[in-house]
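First comes the structure, then the notes that go with it.
There are 2 protein chains.
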Amino acid sequence: MLLMQQRILRDGVVRDGNILAVDSFLNHQMDPELYQEMGREFYRLFGGCGVTKILTVEASGIGIACVAAQLFGCPALFAKKGRTKNLGGEVYAAQVESYTHGGSYTILVSKRFLSPGDRVLLLDDFLARGSAMLGLMDLVAQSGAALVGCGVAIEKGFQEGGRLLRERGVRVESLAIIQQMDQGRITFA
Amino acid sequence: MLLMQQRILRDGVVRDGNILAVDSFLNHQMDPELYQEMGREFYRLFGGCGVTKILTVEASGIGIACVAAQLFGCPALFAKKGRTKNLGGEVYAAQVESYTHGGSYTILVSKRFLSPGDRVLLLDDFLARGSAMLGLMDLVAQSGAALVGCGVAIEKGFQEGGRLLRERGVRVESLAIIQQMDQGRITFA
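Chains W and L, in that order, give the protein sequences.
In terms of my numbering, the first sequence is residues 246 to 434.
In terms of my numbering, the second sequence is residues 246 to 434.
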């Protein structure tokens, strides 16, 4: 998506440790027009796949999932990190390794909201090593639902996540794939 | 908002400890039509107030803020819980007491995204004791921005948050105000 590439070039900031800061428009402050266009693009890509549920993980994916859900006309669902008192009943759980924060954490969804009849689209802001997406795929597999594919705003093409998912036969659609972030200069695949 | 009241009566579940579970449509699974109507109602209430930024706190407020931001045509911004590596630079910080999880936590926004010229609308899913809203108000005050008001999906009218905010002269608009949750029976104000 050209708009995403342009926005990354204009407002993205490369920080030490291969961190791309896009907090002015994507994952802290969120630009409404960009979000609308992201939703439209995901709908263009996956709108014909019979999606019944959009699944993401808190926190940055929630806005993307909610705006896209408006277009798909299906519920959005976000996996929670760690157990909270508000999450009653039985849950599907998966482990996710965190490279940003170190360590690992558990993601959970209530069993009431994913079932074998569902066709699930996974959406998230970033795809880097793929750990969050693999965790979400684990939740979908446990539920018996069908995985339609993964949509991400920004894929770090120089990390292994995209390859790991595509090797498993998963359809991955990234709105921008960064090939390289060399000395602050960003090039796209 | 009649639609919110109807939905709470139909799908809300009262659990021990005055917890109202609305995870099938509001804060785990999110209903796209309800979200759209919530956005429209917040826009009807606050659309004429010159809002330049919608501020919420992760995680459950993010979807509401993003969908509303589409209608307001302004950015949404979510305060993060605790410091993350992705949040570079200087931040405004406030403490929030958590009654659901116990203890307290810090919420943060980058100083780049709130400034004295902003007119800020706070949105969240729940207003109970008001601690999250007070924390967000603290962030807004630190930035010098003007507070337009608070919009919440569900206010627990039998807890003190709404009164605390209104006593300070803050405009609070709740889409549903629960007066009582007695033995599982919900009545609205």
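Ideal placement from N, C-alpha and C gives every residue a C-beta, glycine not left out.
Between the Cα of residue i and the Cα atoms of the options, which residue gives the shortest distance?
{"i": "L:Ala386", "options": "L:Val415, L:Arg408, L:Gln404", "result": "L:Val415"}
{"i": "W:Ile299", "options": "W:Gly318, W:Arg289, W:Ser305", "result": "W:Gly318"}
{"i": "L:Leu368", "options": "L:Ile253, L:Gln424, L:Val296, L:Ala266", "result": "L:Val296"}
{"i": "L:Glu418", "options": "L:Ala391, L:Gln428, L:Gly389, L:Leu366", "result": "L:Leu366"}
{"i": "L:Gly397", "options": "L:Gly348, L:Gly308, L:Leu254", "result": "Checking the sequence shown, residue 397 of chain L turns out to be Val, not Gly. Checked all of L:Gly348, L:Gly308, L:Leu254; the closest Cα to L:Val397 is L:Gly308."}
{"i": "W:Phe291", "options": "W:Ile431, W:Arg364, W:Gly327, W:Leu410", "result": "W:Arg364"}
{"i": "L:Gly284", "options": "L:Gly306, L:Ile264, L:Ala266, L:Asp256", "result": "L:Gly306"}
{"i": "L:Asp256", "options": "L:Val267, L:Asn263, L:Gly262", "result": "L:Val267"}
{"i": "W:Ala434", "options": "W:Met426, W:Met378, W:Arg411, W:Gly402", "result": "W:Gly402"}
{"i": "W:Ala377", "options": "W:Val393, W:Leu410, W:Ser355", "result": "W:Leu410"}
{"i": "W:Ser269", "options": "L:Ala321, L:Ala304, L:Ile253", "result": "L:Ala321"}
{"i": "L:Tyr344", "options": "L:Leu254, L:Ile431, L:Gly262", "result": "L:Gly262"}
{"i": "W:Ala324", "options": "W:Met426, W:Val354, W:Gln428", "result": "W:Val354"}
{"i": "L:Ile399", "options": "L:Arg413, L:Ile431, L:Gly380", "result": "L:Ile431"}
{"i": "W:Gly334", "options": "L:Arg260, L:Gly429, L:Gln428", "result": "L:Arg260"}
{"i": "W:His346", "options": "W:Leu254, W:Asp427, W:Ile264, W:Leu379", "result": "W:Ile264"}
{"i": "L:Lys326", "options": "L:Gly293, L:Tyr288, L:Ile352", "result": "L:Ile352"}
{"i": "L:Tyr288", "options": "L:Ala304, L:Gly394, L:Asp427", "result": "L:Gly394"}
{"i": "W:Glu412", "options": "W:Arg252, W:Ser349, W:Leu379, W:Leu254", "result": "W:Leu379"}
{"i": "W:Glu286", "options": "W:Ala304, W:Val258, W:Leu316", "result": "W:Leu316"}
{"i": "L:Gln428", "options": "L:Arg252, L:Val258, L:Ile253", "result": "L:Val258"}
Between which two residues does the alpha helix (DSSP H) carrying residue i extend?
{"i": "L:Glu282", "result": "277-291"}
{"i": "L:Arg252", "result": "247-256"}
Over the uninterrupted beta strand (DSSP E) stretch that includes residue i, give me the two end residues.
{"i": "L:Ala304", "result": "It is not in any beta strand (DSSP E) - L:Ala304 carries neither H nor E in the DSSP assignment."}
{"i": "W:Leu368", "result": "364-372"}
{"i": "W:Thr432", "result": "430-433"}
{"i": "W:Leu271", "result": "Premise fails: W:Leu271 is in no beta strand (DSSP E) and is neither H nor E."}
The ligand SAH and residue i: does any heavy atom of the ligand fall closer than 8 angstroms to the residue's C-beta?
{"i": "L:Val397", "result": "Because no ligand of any kind appears in the structure shown, any question about the ligand SAH cannot be addressed here."}
Starting from residue i, find everything on chain C with Cβ-Cβ shorter than 9 angstroms and list it in chain order.
{"i": "W:Gly318", "result": "No chain C is part of this structure, whose protein chains are labelled W and L."}
Sufficient close CB pairs (3 or more, under 8 angstroms) joining the segment 274-282 of chain L to the segment 307-323 of chain L: Segment contact: the segment 274-282 of chain L against the segment 307-323 of chain L, three or more CB-CB distances shorter than 8 angstroms; contact assigned.
Per the contact definition of three or more C-beta pairs closer than 8 angstroms, is the segment 389-409 of chain W in contact with the segment 370-379 of chain W? Flag = yes, the segment 370-379 of chain W and the segment 389-409 of chain W touch.
Hey, is the segment 339-346 of chain L in contact with the segment 268-277 of chain L, meaning 3+ C-beta pairs nearer than 8 angstroms? Not touching, per the Cβ criterion.
Three-pair Cβ contact test at 8 angstroms for the segment 287-303 of chain L versus the segment 384-399 of chain L: Two segments are said to touch when three or more pairs of C-beta atoms, one from each, lie closer than 8 angstroms; by this definition the segment 287-303 of chain L touches the segment 384-399 of chain L.
Could you tell me which whole beta strand (DSSP E) segments of length 3 or greater appear in the segment 381-417 of chain W? Runs found: 391-401.
Within 8 angstroms, do at least three Cβ pairs link the segment 414-429 of chain W to the segment 247-257 of chain L? Contact annotation: the segment 247-257 of chain L does not touch the segment 414-429 of chain W, with fewer than three C-beta pairs closer than 8 angstroms.
Which runs of the beta strand (DSSP E) fall wholly inside the segment 312-358 of chain L and span at least 3 residues, in chain order? With a minimum length of 3 residues, the continuous beta strand (DSSP E) runs that stay inside the segment 312-358 of chain L are 321-326, 336-342, 349-355.
Relative to chain L, which residues along the segment 360-378 of chain W have a C-beta separation below 7 angstroms, given in chain order? If the cut-off is 7 angstroms between Cβ atoms, the segment 360-378 of chain W has nothing near chain L.
Just checking, does the segment 354-364 of chain W make contact with the segment 387-401 of chain W on the three C-beta pairs under 8 angstroms criterion? A contact exists between the segment 354-364 of chain W and the segment 387-401 of chain W.
Positions along the segment 278-306 of chain L whose CB lies within less than 7 angstroms of some CB in chain W: Of all residues in the segment 278-306 of chain L, Tyr280, Gln281, Glu303, Ala304 have a Cβ within less than 7 angstroms of some Cβ in chain W.
Near-chain W residues of the segment 397-415 of chain L (beta-carbon distance less than 9 angstroms), N- to C-terminal order: Those residues of the segment 397-415 of chain L that come within reach of chain W (Cβ to Cβ, closer than 9 angstroms) do not exist; the list is empty.
Residues of the segment 416-433 of chain L in Cβ contact with chain W at a cutoff of 7 angstroms, in chain order, please. From the segment 416-433 of chain L, no residue has a Cβ closer than 7 angstroms to chain W.
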